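Residue numbers (my numbering): 6 to 540.
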């Protein structure tokens, strides 16, 4: 399921997945939640034991039979069906394909009765032309909403575009760049989502981040118009940056919010986030909105907006000199050093980062196209990084791109069996583990809770350290057909390993790097932060 998720993130096309009865579905429940949260298409086939109890074989068929099996995942799939005949199964597949491909995307599930599967056909099966059952095109933006948006844009002194969940299509990427340039808007992107706008562009004025950074907060505070292109957690970004509750005390800024997401909101999952107050709600795909806005601006022969003086004053974070730290003798590199080394490796190369760790800093990002980065794990799950990396690599197998999955050691250990699949199907990919020998995000959470409760914070490691004995990550990769080397602990060694790995992947191989890092978040530190601000 994670491989299908990674594949769908790249292609925006559904991969089919087959799961074994109720036990397979229960095993896959968490990875199914991820494409639900990430709005990724996927068709899942499963089965229940014979619905007719008279046809169940002793023991095994009984434990593999469940009544309303789809109820396990119904709250986080777009649709499910359990057809009662072979002909009905044809319709279920056509319907599932249509629904999963209709934005906002998401997984669908078809449960097939094992008794039905084993029964002989009693009549000829009719399979129609699938082309007549395709998904409809995205709805157009109503003309009235388009005019309201244009009026708000024309009146804005400091427009800010929040680039959220958008397409992987290159022409759409180009349109988004032209839109920002034409209206002279500043741009923010989220490291939760796949690459949506060039990070080195002069209008991308703060580093991508999971939560608003100091620079991002400053932009949000200065903006008088916010254009949200399906931004994940719009209300939350205002609360984090402006300090109000947003829903109860809405921002005083004008807000345009373009999204189809509300059409699949349900009462079980809270992934729809807090309710945002908006002035111009637009029920459409963001790229559809951008295309129509550009048509209107082109028709009016609107020139590109002149650079706003207040934006000229803001230094571009990507131009700063970002130095590395100096670890103490015998200590491995920091996560910041690792990120800067990988940034240097990827510069000028067609690299696709499948996932990156949640603690990865935004400053090293240099994304120049829609396939530069595939976003993080939308469901906040565990063990999906290897599968996401391999699914993305499968989608890009025939391209010239180098797929790199940078994942935590805990994520690696929980999903390491996916590496065998990459070897078996000869999928070229490089996996790099940020190996701090800890589930460090939880370790820091335990420290915060300990401080709140006046308990010893030095006990934060309990239940979180992956050490004593240390797990041999390299041996696990080699056992499943990956080439590898001894763990690296310095920027220089990592740089050399990345170069070797890229050559192997370019020749169709698979490579694993165990990159030892100090436990800790990838913070630039006061000296680098100051350098970013001064530059």
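Beta carbons are placed, not taken as given, at the ideal position from N, Cα and C, and that holds for glycine. In this text, all values refer to a predicted model and were calculated from it rather than measured experimentally.
Since residue i contacts residue j with CB under 8 Å, what's their CB separation in whole angstroms?
{"i": "residue 339", "j": "residue 523", "result": "5 Å"}
{"i": "residue 327", "j": "residue 368", "result": "6 Å"}
{"i": "residue 363", "j": "residue 242", "result": "In fact, because the Cβ distance is near 17 Å, the residues do not count as touching under 8 Å."}
{"i": "residue 299", "j": "residue 184", "result": "6 Å"}
{"i": "residue 451", "j": "residue 465", "result": "4 Å"}
{"i": "residue 229", "j": "residue 161", "result": "6 Å"}
{"i": "residue 3", "j": "residue 14", "result": "Residue 3 is absent from the structure shown; the chain starts at 6 and stops at 540."}
{"i": "residue 37", "j": "residue 6", "result": "6 Å"}
Helix, strand or coil, according to DSSP, for residue i in the structure here?
{"i": "residue 477", "result": "coil"}
{"i": "residue 51", "result": "strand"}
{"i": "residue 298", "result": "helix"}
{"i": "residue 534", "result": "Interpretation of residue 534 is limited by its pLDDT of 35, a score under 50 that renders its predicted location unreliable; no figure is taken from the coordinates."}
{"i": "residue 164", "result": "strand"}
{"i": "residue 118", "result": "strand"}
{"i": "residue 20", "result": "strand"}
{"i": "residue 265", "result": "coil"}
{"i": "residue 202", "result": "coil"}
{"i": "residue 361", "result": "coil"}
{"i": "residue 254", "result": "coil"}
{"i": "residue 465", "result": "helix"}
{"i": "residue 430", "result": "coil"}
{"i": "residue 59", "result": "helix"}
{"i": "residue 209", "result": "strand"}
{"i": "residue 156", "result": "helix"}
{"i": "residue 356", "result": "strand"}
In terms of DSSP beta bridges, what is residue i paired with?
{"i": "residue 84", "result": "113"}
{"i": "residue 488", "result": "516"}
{"i": "residue 439", "result": "413 and 520"}
{"i": "residue 8", "result": "Answer is none; residue 8 lacks a bridge partner."}
{"i": "residue 107", "result": "In DSSP, residue 107 forms no bridge with anything."}
{"i": "residue 46", "result": "Residue 46 is not bridged to any residue."}
{"i": "residue 138", "result": "According to DSSP, residue 138 bridges with nothing at all."}
{"i": "residue 286", "result": "262"}
{"i": "residue 470", "result": "443"}
{"i": "residue 378", "result": "358"}
{"i": "residue 270", "result": "The partner list for residue 270 (beta bridge, DSSP) is empty, contrary to what the question assumes."}
{"i": "residue 408", "result": "357"}
Please return the same chain residues whose Cβ sits closer than 6 Å to the Cβ of residue i, not counting the five positions on each side in sequence.
{"i": "residue 50", "result": "23 and 115"}
{"i": "residue 117", "result": "52"}
{"i": "residue 203", "result": "373"}
{"i": "residue 43", "result": "383"}
{"i": "residue 286", "result": "262"}
{"i": "residue 531", "result": "In this predicted model, residue 531 has a pLDDT of only 33, less than 50, meaning its place in the structure is not dependable; the value taken from the coordinates is given anyway. Excluding residues within five positions, none has a Cβ falling inside 6 Å."}
{"i": "residue 88", "result": "94 and 97"}
{"i": "residue 12", "result": "20, 396, 399 and 400"}
{"i": "residue 259", "result": "157, 230 and 284"}
{"i": "residue 475", "result": "none"}
{"i": "residue 201", "result": "168, 171 and 194"}
Using C-beta distances below 8 Å, list every residue in its chain close to residue i, excluding the 5 sequence neighbours before and after it, in chain order.
{"i": "residue 31", "result": "77"}
{"i": "residue 137", "result": "none"}
{"i": "residue 525", "result": "339, 340, 441 and 445"}
Leaving out five residues before and five after residue i in sequence, what residues of the same chain have Cβ atoms less than 7 Å from its Cβ?
{"i": "residue 533", "result": "With a pLDDT of only 38 at residue 533, under the threshold of 50, the placement of this residue in the model should not be trusted; the figure read from the coordinates follows. Excluding sequence neighbours, residue 533 sits near 327 and 328."}
{"i": "residue 265", "result": "108, 109, 288, 289 and 290"}
{"i": "residue 348", "result": "369 and 371"}
{"i": "residue 188", "result": "158, 164 and 310"}
{"i": "residue 510", "result": "407, 433, 434, 435 and 516"}
For the beta strand (DSSP E) that residue i lies in, which residues bound it at each end?
{"i": "residue 182", "result": "Looking at the DSSP string, residue 182 is not in any beta strand (DSSP E); the run it does join, the alpha helix (DSSP H), is 175 to 188."}
{"i": "residue 76", "result": "Residue 76 -> no beta strand (DSSP E), and no H or E assigned at all."}
{"i": "residue 222", "result": "Element bounds for residue 222: not the beta strand (DSSP E) but the alpha helix (DSSP H), 219 to 227."}
{"i": "residue 391", "result": "First-last for residue 391: 390 to 400, but that is the alpha helix (DSSP H), not the beta strand (DSSP E)."}
{"i": "residue 5", "result": "With the chain covering only 6 through 540, there is no way to say anything about residue 5."}
{"i": "residue 233", "result": "230 to 234"}
Taking the alpha helix (DSSP H) that residue i belongs to, which residues open and close that run?
{"i": "residue 36", "result": "34 to 43"}
{"i": "residue 346", "result": "340 to 351"}
{"i": "residue 243", "result": "239 to 247"}
{"i": "residue 500", "result": "496 to 511"}
{"i": "residue 65", "result": "65 to 68"}
{"i": "residue 314", "result": "314 to 317"}
{"i": "residue 192", "result": "Residue 192 -> not in any alpha helix (DSSP H); beta strand (DSSP E) instead, spanning 191 to 194."}
Is there at least one non-hydrogen atom of the ligand NAP closer than 7 Å to the beta-carbon of residue i?
{"i": "residue 358", "result": "Although the ligand NAP was asked about, the structure shown includes no ligands whatsoever."}
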